[in-house]
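S.K.: Below is one structure. I have some questions about it.
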Amino acid sequence: MAGPASSFADGWKQTPSLLALREAIERGGRLRHVIARRAGLSESDLVAMEHLMREPLGPAELARILDVSTAASTGLVDRLAQRGHVRREPHEADRRRTQVEVTASGREEVLAHLLPMFRALDELDRGFTGEERAVVARYLAGVVAAFDDLERQPPPSEA
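1 is the number of the first residue of the sequence shown in the UniProt record's numbering; add one for each residue after it.
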């Protein structure tokens, strides 16, 4: 007897947009591995750089985001600092704490690996009208909301 999850999945009509989204998600996951390898980083290092390029973070904050121990986060920051990608600075509001900031050369190295994709996506985006971009943005915002909702859900109970 099929459970509710199997029953839904068996009857689910995956539209071209859902199939394209699935393919984009799969390709994005593979792309992170490729970019990390090309940059000589682990995937965790690359994910940390992505977050740090948005804003400086403390090692404990970075550990929470990456879902690793503070010791693992410290080791990761040490590796990135040795390569010159990040530096530790006193926290702006609390001088007892440190924050990790991406260096200009670290930012440039990561972005250089992504530049061909950024250019292609920019060209694609410019090919849409404002109304089309609004529909795409609404769809992708809904995707992000569905991901966030799933992340907050407790795991299904074992039967």
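Idealized CB from N, CA, C, for every residue including glycine.
#1: With 16 other CB atoms within 10 Å as the buried threshold, where does Ala39 fall?
#2: Report buried or exposed for Asp45, applying the criterion of at least 16 other Cβ atoms within 10 angstroms of its Cβ.
#3: Determine the closest residue to Phe147 out of Ile25, Ser7, Arg107, Glu43, with distance taken between C-alpha atoms.
#4: Please state whether the Cβ-Cβ distance between residue 173 and Arg88 is less than 7 Å.
#5: Are Val102 and Leu52 close, meaning C-beta to C-beta below 7 Å?
#6: Assign Leu76 to one of two classes, buried (16 or more other C-beta atoms within 10 Å of its C-beta) or exposed (fewer than that).
#7: Quick one: Cα of Ala159 to Cα of Ala60, how far?
#8: Return the Cβ separation of His91 and Met49 in integer angstroms, given the expectation that the two are a contact with Cβ distance under 8 Å.
#9: What's the gap between the Cα of Pro155 and the Cα of Arg37?
#10: Start and end of the beta strand (DSSP E) containing Val100?
#11: Would you say His113 and Ile35 are within 7 Å of each other, going by their C-beta atoms?
#12: Which value, in whole angstroms, describes the spacing of the CA atoms of Leu18 and Trp12?
M.R.: On the basis of the supplied data:
#1: Residue environment for Ala39: buried (at least 16 other C-beta atoms within 10 angstroms of its C-beta).
#2: Asp45 should be labelled buried.
#3: If we check each option's Cα against that of Phe147, Ile25 comes out closest.
#4: With the chain running from 1 to 159 in the structure shown, residue 173 is simply not present.
#5: Between Val102 and Leu52, the gap from beta carbon to beta carbon is short of 7 Å.
#6: Counting the other CB atoms within 10 Å of its CB gives Leu76 a total of 16 or more, which places it among the buried residues.
#7: Note that Ala159 scores a pLDDT of 44, beneath 50, so its modelled location is shaky; the value from the coordinates is reported in the next line. Note on geometry: alpha-carbon atoms of Ala159 and Ala60 lie some 36 Å from one another.
#8: Between Met49 and His91 the Cβ distance is about 20 Å, and since that is not below 8 Å, they are no contact.
#9: Looking at the two C-alpha atoms, the distance is approximately 32 Å.
#10: Note, Val100: beta strand (DSSP E), 98–102.
#11: With a cutoff of 7 Å on beta-carbon distance, His113 and Ile35 are scored as near each other.
#12: Taking the straight line from one Cα to the other gives about 11 Å.
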